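Peer 1: Just so you know, the sequences run in chain order H and U. Going left to right, the first sequence walks through residues 37 to 249 as my numbering numbers them. Going left to right, the second sequence walks through residues 37 to 249 as my numbering numbers them. By construction, the Cβ of each residue, glycine as well, lies at the ideal position given by its N, Cα and C atoms. As the structure is a prediction and not an experimental result, all values here were calculated from the model. Have a look at this one.
Protein chains: 2
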Amino acid sequence: MNIEHIEPKDIEKRSFEIISQELKKRQIEIPQDKAFVIKRAIHTTADFEYAQTLCFSKDAISKVAELIRQGAIIVTDTNMGLSGINKAELGKYGGKLMCFMADQDVAIEAKSRGLTRATVSMERASKLGQRIIFAIGNAPTALIELRRMYDEKIFIPDFIIGVPVGFVNVEAAKEMIMETDIPYIVNKGRKGGSNVAAAICNAILYEMKKGNI
Amino acid sequence: MNIEHIEPKDIEKRSFEIISQELKKRQIEIPQDKAFVIKRAIHTTADFEYAQTLCFSKDAISKVAELIRQGAIIVTDTNMGLSGINKAELGKYGGKLMCFMADQDVAIEAKSRGLTRATVSMERASKLGQRIIFAIGNAPTALIELRRMYDEKIFIPDFIIGVPVGFVNVEAAKEMIMETDIPYIVNKGRKGGSNVAAAICNAILYEMKKGNI
Chain H
37 MNIEHIEPKD
47 IEKRSFEIIS
57 QELKKRQIEI
67 PQDKAFVIKR
77 AIHTTADFEY
87 AQTLCFSKDA
97 ISKVAELIRQ
107 GAIIVTDTNM
117 GLSGINKAEL
127 GKYGGKLMCF
137 MADQDVAIEA
147 KSRGLTRATV
157 SMERASKLGQ
167 RIIFAIGNAP
177 TALIELRRMY
187 DEKIFIPDFI
197 IGVPVGFVNV
207 EAAKEMIMET
217 DIPYIVNKGR
227 KGGSNVAAAI
237 CNAILYEMKK
247 GNI
Chain U
37 MNIEHIEPKD
47 IEKRSFEIIS
57 QELKKRQIEI
67 PQDKAFVIKR
77 AIHTTADFEY
87 AQTLCFSKDA
97 ISKVAELIRQ
107 GAIIVTDTNM
117 GLSGINKAEL
127 GKYGGKLMCF
137 MADQDVAIEA
147 KSRGLTRATV
157 SMERASKLGQ
167 RIIFAIGNAP
177 TALIELRRMY
187 DEKIFIPDFI
197 IGVPVGFVNV
207 EAAKEMIMET
217 DIPYIVNKGR
227 KGGSNVAAAI
237 CNAILYEMKK
247 GNI
C-alpha cells in the first residue's frame with residue numbers, strides 16, 4: 037500500500053472529498069444544510085453509519101450557532117470531550133468549556149447519593165444560571181438527568197448534543213431527549229462518543245468562522 | 037423504550053456482559069487473552085468491527101504491561117487521547133502522559149518545515165531518552181514518522197498503539213508499522229480514534245490493577 041504525498045494543509049480537505057465521494061458511491065443522500073456536521077462526524081470515526089443516524093431537531097444548527105454567538109457555555113460529560121472542542125474558536129464569542137466530571141466533590145456526592153458522576157454534573161451545570169449547550173458523548177445518565185429536570189420543570193437546557201455511546205440505557209436516553217421540545221442533535225442507536233460530541237461542536241464553530249452560518 | 041434501573045457501579049459490568057453476549061450471538065470468537073482489550077475498544081465505540089480488525093504483535097499485551105511497570109511514558113498524538121488515559125493508574129508505576137501537539141513551538145516548526153504537527157511531535161518524543169509507548173489515535177503522519185526514524189536507525193519505538201482514524205494514508209501507515217519488528221497493537225483499516233487509543237491503554241492498566249497481567 038502506497039503513501040499518498042500530500043501537503044499537511046491539504047489533508048483535511050482531501051479527507052472530506054473522499055467522504056463525499058464515498059457517500060455518493062454508497063448512494064447515501066444527506067441534507068445539504070447539515071452536511072458539514074454529518075461529514076465531520078464521519079471524519080472523526082470513519083463510520084458512515086452516522087449519515088443515517090444523526091438526527092436534528094428543527095433549525096438545530098442555527099440554534100447552536102446563535103447560542104454560541106450569545107456566549108453560551110459548552111458543558112461536556114468527559115474531560116476528553118472538553119479537550120477535543122476548539123476552545124479558541126469558542127472563546128471568540130465569549131464562551132467557555134466546562135466539565136464537572138473530574139471534580140472531587142462531584143465524585144464524593146455521587147457516591148454518597150448512589151448516583152453517577154454525570155447525574156451530579158448535570159445538576160451542577162443547571163445551577164450555573166447561564167446559557168448552556170450540553171455536549172454529551174459518554175453518559176446516558178447525563179441525558180436522563182437533563183430529562184428529569186425538564187419534566188419536573190426545574191431546568192430547561194438550551195440545547196443538547198446527545199451522542200453518548202454504549203450498551204446500557206443509551207438508546208432509551210437518546211429517545212427521551214428527542215421526545216421533548218428541547219432543541220437537539222442526537223445520534224440514534226448505540227454509537228457516539230466524546231470524539232463525536234466534540235466533532236459536532238467543532239463542525240459548527242468552523243462553519244461560523246467561515247461566515248456560513 | 038424503557039430505562040433499565042441499575043446501580044452506577046454496575047453499569048460497566050453490565051455493558052461488558054452485553055458485549056460478550058452479542059459477540060456470541062454474532063458468532064465472533066476473540067482470543068481469550070486479548071478479550072479485555074478488544075471488548076474495551078467495542079465498549080468505547082459500540083462498534084463490533086474492532087473484534088475483527090484489532091491486530092496484536094506477539095506478546096503485545098505483556099510487553100505493554102512490562103513497559104508500564106518500568107515507568108514508561110505514554111506519548112499521545114492528541115490532548116484528547118491524553119485526557120482519556122487513566123493518569124492515576126499510570127502514575128502508580130512512575131509513568132506519565134505526554135503530548136506535544138498543542139505546543140506552540142511545535143506548530144511553528146511544523147509550519148516552517150512543511151510537516152504535520154504530529155511528525156514534529158514524534159521527533160520531539162524520540163529525543164526524550166526514555167521508554168515510550170506511543171498511543172496514536174489520530175495522525176497517520178505520526179506512524180509514518182515513527183517508521184521513518186526506525187528505517188533510518190535514528191530511533192526504535194518500544195511500543196506502538198497505532199489506531200489513527202481517517203481517510204488519507206491511514207490504512208497504509210498502519211501497514212507500515214505492522215511490517216516492522218516494533219511491538220504493536222494496530223487497528224487495521226480506517227477506523228480508530230483517540231478514544232480507542234485511550235481505551236486500549238486503560239484496558240491494560242485496569243487489567244494490571246486486577247493483577248491479571
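Quick one: Cα of alanine 209/H to Cα of leucine 182/H, how far?
Peer 2: Translated into the one-based positions of the first sequence, residue 209/H becomes position 173. Translated into the one-based positions of the first sequence, residue 182/H becomes position 146. So the two alpha carbons sit approximately 10 Å from each other.
Peer 1: Quick one: is leucine 164/H buried, meaning 16 or more other Cβ sit within 10 Å of its Cβ, or exposed?
Peer 2: Residue numbering aside, residue 164/H sits at position 128 when the first sequence is read from its first letter. Exposed, by the Cβ-count rule.
Peer 1: Return helix, strand or coil for leucine 179/H, following the three-state DSSP convention.
Peer 2: Along the first sequence, one-based indexing puts residue 179/H at 143. Reduced to three states, the DSSP call for leucine 179/H is helix.
Peer 1: Scan the stretch 178–205 of chain H for residues whose Cβ lies nearer than 8 Å to a Cβ of chain U and list them as they occur along the chain.
Peer 2: Listed in sequence order: Ile180, Val201, Gly202, Phe203, Val204, Asn205.
Peer 1: In chain H, which residues lie less than 8 Å from serine 230/U when you measure between Cβ atoms?
Peer 2: Taking the second sequence and counting its residues from 1, the one referred to as residue 230/U is at position 194. By Cβ distance, chain H contributes Met116, Gly120, Asn231.
Peer 1: Just grab the DSSP bridge partners of glycine 198/H for me.
Peer 2: On the first sequence, position 162 is the one that residue 198/H refers to. Per DSSP, Ile172/H, Val222/H.
Peer 1: Along chain H, in chain order, which residues have C-beta atoms closer than 8 Å to that of leucine 151/U?
Peer 2: Counted from its first residue, the second sequence places residue 151/U at position 115. Here the neighbours are Pro44.
Peer 1: Please report the straight-line C-alpha distance between lysine 227/H and phenylalanine 191/H, rounded to a whole angstrom.
Peer 2: Taking the first residue of the first sequence as 1, we reach residue 227/H at position 191. Taking the first residue of the first sequence as 1, we reach residue 191/H at position 155. Going from the Cα of lysine 227/H to the Cα of phenylalanine 191/H covers about 27 Å.
Peer 1: Let me make sure I understand the geometry here. Which of Gln88/H, Leu241/H, Asn248/H has the alpha-carbon closest to that of glutamate 125/H?
Peer 2: The residue you call residue 125/H lines up with position 89 of the first sequence. Closest by alpha carbon: Leu241/H.
Peer 1: Relative to the C-alpha of alanine 96/H, which candidate in Pro219/H, Phe72/H, Phe203/H, Ile249/H has its C-alpha closest?
Peer 2: Walking along the first sequence from the start, residue 96/H turns up at place 60. Of Pro219/H, Phe72/H, Phe203/H, Ile249/H, the residue nearest in Cα terms is Pro219/H.
Peer 1: Report all residues from its chain with a CB closer than 8 Å to the CB of alanine 146/H; omit the five preceding and five following residues, and keep chain order.
Peer 2: As a working note, residue 146/H is residue 110 in the first sequence. So the qualifying residues of the chain are Thr152, Arg153, Thr155, Val156.
Peer 1: Can you give me, in chain order, the residues of the stretch 60–87 of chain U that have a beta carbon less than 8 Å from any beta carbon in chain H?
Peer 2: Cβ contacts with chain H: His79, Thr80, Thr81, Ala82, Asp83.
Peer 1: Taking a Cβ distance cut-off of 8 Å, strictly less, list which residues of the stretch 215–245 of chain H are near chain U, in chain order.
Peer 2: Gly225, Arg226, Lys227, Gly228, Gly229, Ser230, Asn231, Ala234
Peer 1: Quick one, which of Val204/H, Cys237/H, Ala71/H has its alpha-carbon nearest proline 44/U's?
Peer 2: Within the second sequence, the letter at position 8 stands for residue 44/U. Checking every option, the nearest Cα to that of proline 44/U belongs to Val204/H.
Peer 1: How long is the line joining the alpha carbons of valine 232/H and valine 201/H, rounded to whole angstroms?
Peer 2: Locating residue 232/H in the first sequence gives position 196, counting from the first residue. Locating residue 201/H in the first sequence gives position 165, counting from the first residue. Their Cα atoms are separated by approximately 10 Å.
Peer 1: With DSSP run on the structure shown, which of helix, strand or coil describes valine 204/U?
Peer 2: Within the second sequence, residue 204/U is the residue found at index 168, counting from 1. Here valine 204/U sits in coil by DSSP.
Peer 1: So the beta strand (DSSP E) cysteine 91/H belongs to, where does it begin and stop?
Peer 2: Walking along the first sequence from the start, residue 91/H turns up at place 55. Where cysteine 91/H is concerned, the enclosing beta strand (DSSP E) stretches over 90–92.
Peer 1: Nearest to asparagine 248/U by alpha carbon, out of Asp69/U, Ala82/U, Met116/U?
Peer 2: The residue given as residue 248/U occupies position 212 in the second sequence. Residue Asp69/U is the option with its Cα nearest to asparagine 248/U.
Peer 1: Taking the DSSP output, what are the residues bridged to cysteine 237/U?
Peer 2: Numbered from 1 along the second sequence, position 201 holds the residue referred to as residue 237/U. According to DSSP, cysteine 237/U bridges with nothing at all.
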